Structures are given as structure tokens and as C-alpha cells.
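In this note's numbering, the protein residues as written are 165 to 314. A quick write-up on the structure given underneath.
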């Protein structure tokens, strides 16, 4: 599968790893197969400079934050660590999106992130909304790469 060794994905993961606080002891363990479609989607839009890495980085952080919070139970011996790691990754998303001046992305995704969290509490998993909303953001803010350029 192309995205497992895809330069955009690998460079973005490295950039995020370099941004992690050593004290937090959080490791990024992305599901590369799950990120395949998002990498392809982001590459289908015209973006300048590091924008692709920044947008993908935001997606990865939110996605991983939700994954850290998924399926938690009181019986989990790592419950507190999973909660803190998920919260840390979410706060890192906010910090980096602000640093990268992705204010529109923050505004666009805020309602859906909370909606996913609430739906999980209610037993109705709606994680697909994150990818759907990301695609809507990309459609609204970036032009598609022409087929000739691909």
C-alpha cells in the first residue's frame, strides 16, 4: 500500500513526533492503513508549502485523540493514561493549528469533534464524521488538483 511509506505521511508523523513534549511520555502510534485515504484526499487539493503537512497533522492528532479515548472502561489498568494521552493530543492539535494559523480549520472542526465525543457517550459511534467534515473543509478552502497535474 503506497501510503505506508508515503513521504507526506512519514514527514508529518516525524514533524508531530518532534513537537511532542518529552515530559508527556505520549507516543504516536498511528494506524497507517486508516490514514491512507486521508493522505490521498489531501494530496488531491492544491496547497502551498507545508500546508499539506499541517492539515494532515491536525487530522492525525484529532484522529489519535479520539482513538485514545475509544472503548475506555474502569477495568482498564491504563484508563488514566489513555485519558491523559487523548487529552494531550487534542490540546496539541489546538496548539499546532493556532501556531500554523489554521483558524478556519479550528472553527470548522470544533462542533464535529464535540459531537463525536457526545455520540460515544450515548453509545452511537460517529467517528466517520471527522473524515467527512475534513473533506468538507478541504472542498470549501482549497481547489482540487487537475487530473492533468496528477
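Every residue, glycine too, gets a C-beta built ideally from N, C-alpha and C. These figures come from a predicted structure and were not determined experimentally.
Buried or exposed, going by whether 16 or more other CB atoms sit within 10 Å of the CB of residue i?
{"i": "residue 221", "result": "buried"}
{"i": "residue 267", "result": "exposed"}
{"i": "residue 176", "result": "buried"}
{"i": "residue 287", "result": "exposed"}
{"i": "residue 166", "result": "The predicted model places residue 166 with a pLDDT of 45, which falls under 50 and marks its position as unreliable, so this point remains unresolved."}
{"i": "residue 262", "result": "exposed"}
{"i": "residue 282", "result": "exposed"}
{"i": "residue 253", "result": "buried"}
What does the alpha-carbon distance come out to for the pair residue i and residue j?
{"i": "residue 169", "j": "residue 295", "result": "21 Å"}
{"i": "residue 285", "j": "residue 306", "result": "34 Å"}
{"i": "residue 271", "j": "residue 290", "result": "19 Å"}
{"i": "residue 236", "j": "residue 244", "result": "10 Å"}
{"i": "residue 182", "j": "residue 276", "result": "27 Å"}
{"i": "residue 301", "j": "residue 189", "result": "32 Å"}
{"i": "residue 293", "j": "residue 255", "result": "20 Å"}
{"i": "residue 232", "j": "residue 194", "result": "11 Å"}
{"i": "residue 260", "j": "residue 213", "result": "16 Å"}
In the DSSP assignment, what are the bridge partners of residue i?
{"i": "residue 297", "result": "For residue 297, which the question treats as bridged, DSSP gives no partner whatsoever."}
{"i": "residue 306", "result": "Looking at the DSSP assignment, residue 306 forms no beta bridge with any residue, so it has no partner."}
Pull up the CB-CB distance for residue i and residue j, whole angstroms please, since I reckon it's below 8 Å.
{"i": "residue 192", "j": "residue 180", "result": "6 Å"}
{"i": "residue 216", "j": "residue 207", "result": "7 Å"}
Counting pairs of beta carbons, one from the region 222 to 231 and one from the region 248 to 267, are three or more of them closer than 8 Å? They touch, by the three-pair rule.
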